[in-house]
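As structure tokens, the structure follows; a few thoughts come after it.
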Amino acid sequence: MEKIKVKIVEQRIWSYLVQDQDGRQAWIQRRWLDKDNMVDAKIFEENVEWLKNRKAEIEQKKVEAKLKRQELIELGEIVRETEKAVAVTADWEDLDTKKTGKRLAWFPKSQVKDGKAPYWLIEAKAIEVWQSVSDLEYPDLKVSLCGRNFQVNAYGVSEPKIWRNEYDA
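See below:
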């Protein structure tokens, strides 16, 4: 069994980030490192590969998230319009009390192109609706805006695939 000499770069409760002489890094469990800072070569290589793949996966997700936030979404029916902004109806439902209602979400015309607005702006408007409706300390709202359903609460905004009340059906 071949061993590799490594140095500890970072320490966590259950693991170490270690680096070999070539500068390659890997996360390993504490129990895999002996007193002389030696680790099994096979384990080190497997974890170097895992870390490389994980970093690539995270970078890909960052790119996808950035593209999604820039994606243009159809606003739908414009119910009011001024010189500088357009408004669409946002339906909301409190997921705890089942109260429902409607609010206008205003979009600046400078951000609207051909009746479409960027996803990040629609998300921000869903949060605005949540802030304007929140009579509870931490309401959990379903906001339907521009053909999208958002779940908005104190932790932020998300676009869940299945809603809590759909589990009961």
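Residue numbering for the sequence shown follows the numbering used here, beginning at -12 and increasing consecutively. Using N, Cα and C, we set each Cβ at its ideal position, and we do this for glycine too.
Identity of the residues DSSP links to residue i by a beta bridge
{"i": "G88", "result": "W79"}
{"i": "P126", "result": "DSSP output for P126 lists no bridge partner at all."}
{"i": "K22", "result": "According to DSSP, which records beta bridges pairwise, K22 is partnered with nothing at all."}
{"i": "K39", "result": "K39 is not bridged to any residue."}
{"i": "W93", "result": "A74"}
{"i": "N34", "result": "Its beta-bridge partners do not exist; DSSP assigns none."}
{"i": "Q6", "result": "K(-6) and Q12"}
{"i": "S145", "result": "Q138"}
{"i": "E68", "result": "V73"}
Environment of residue i [buried if 16+ CB atoms lie within 10 Å]
{"i": "I45", "result": "exposed"}
{"i": "Q138", "result": "buried"}
{"i": "E(-3)", "result": "exposed"}
{"i": "A141", "result": "exposed"}
{"i": "I(-5)", "result": "exposed"}
{"i": "P126", "result": "buried"}
{"i": "W1", "result": "exposed"}
{"i": "E80", "result": "buried"}
{"i": "K85", "result": "exposed"}
{"i": "A77", "result": "buried"}
{"i": "A28", "result": "exposed"}
Residue i versus residue j: straight-line alpha-carbon distance, rounded
{"i": "I65", "j": "I109", "result": "14 Å"}
{"i": "D83", "j": "V130", "result": "13 Å"}
{"i": "Q57", "j": "D101", "result": "15 Å"}
{"i": "A113", "j": "K71", "result": "20 Å"}
{"i": "L91", "j": "Q47", "result": "35 Å"}
{"i": "L20", "j": "Q8", "result": "16 Å"}
{"i": "G10", "j": "K49", "result": "25 Å"}
{"i": "K42", "j": "E36", "result": "10 Å"}
{"i": "E51", "j": "Y106", "result": "13 Å"}
{"i": "V99", "j": "V120", "result": "25 Å"}
{"i": "V116", "j": "L128", "result": "9 Å"}
{"i": "E61", "j": "R18", "result": "54 Å"}
{"i": "P95", "j": "N40", "result": "41 Å"}
For residue j and residue i, believed in contact at Cβ under 8 Å, the rounded distance
{"i": "N24", "j": "K(-8)", "result": "6 Å"}
{"i": "C133", "j": "G88", "result": "Actually they are not in contact, since the Cβ atoms of C133 and G88 sit about 17 Å apart, beyond 8 Å."}
{"i": "L54", "j": "A13", "result": "Not a contact, Cβ separation roughly 30 Å."}
{"i": "A74", "j": "W93", "result": "5 Å"}
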